[in-house]
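Residues 3 to 83 (the working numbering) make up the sequence shown, in order.
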Amino acid sequence: FQETVIVGDVTTYLNYISCDSLAKSEIVVPMMKNGQLLGVLDLDSSEIEDYDAMDRDYLEQFVAILLEKTTWDFTMFEEKS
Numbered sequence: 003f004q005e006t007v008i009v010g011d012v013t014t015y016l017n018y019i020s021c022d023s024l025a026k027s028e029i030v031v032p033m034m035k036n037g038q039l040l041g042v043l044d045l046d047s048s049e050i051e052d053y054d055a056m057d058r059d060y061l062e063q064f065v066a067i068l069l070e071k072t073t074w075d076f077t078m079f080e081e082k083s
């Protein structure tokens, strides 16, 4: 997936698997670099509908800055043959 996903009420998803039993809403921001998905920033909230477009915009900018400024060697995440 390449777009941020906001789930306003995770309790409405039958197959939802949560890392936190108190989670009621979630936002997941993909971490893309050079067209490759490196990971995700995944935040949960104990409040229903706790994330909105402003949160999405802020977190996408945060992830972009993080990836731009990092000197990590992302080749360790590539598939090995």
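Note that CB positions come from ideal geometry on N, CA and C, so glycine has one too. Remember, it's a predicted structure, so these values are computed and weren't measured experimentally.
query: 7 Å CB neighbourhood of Gly41 in its chain, flanking five on each side removed; result: Met33
query: Thr13 classed as buried or exposed, judged by whether at least 16 other C-beta atoms fall within 10 angstroms; result: exposed
query: Beta-carbon proximity check, Lys26 vs Ser48, cutoff 9 Å; result: yes
query: Ile29: first and last residue of the uninterrupted beta strand (DSSP E) it sits in; result: Ser27 to Lys35
query: Assigned secondary structure, Ile50 (DSSP; H/G/I helix, E/B strand, else coil); result: coil
query: Integer Cβ distance of Val31 from Glu62, believed to fall under 8 Å; result: 6 Å
query: Identified DSSP bridge partners for Asp44; result: Val30
query: Residues near Leu39 in its chain [Cβ-Cβ closer than 8 Å; skip 5 each side]; result: Phe3, Gln4, Pro32 and Met33
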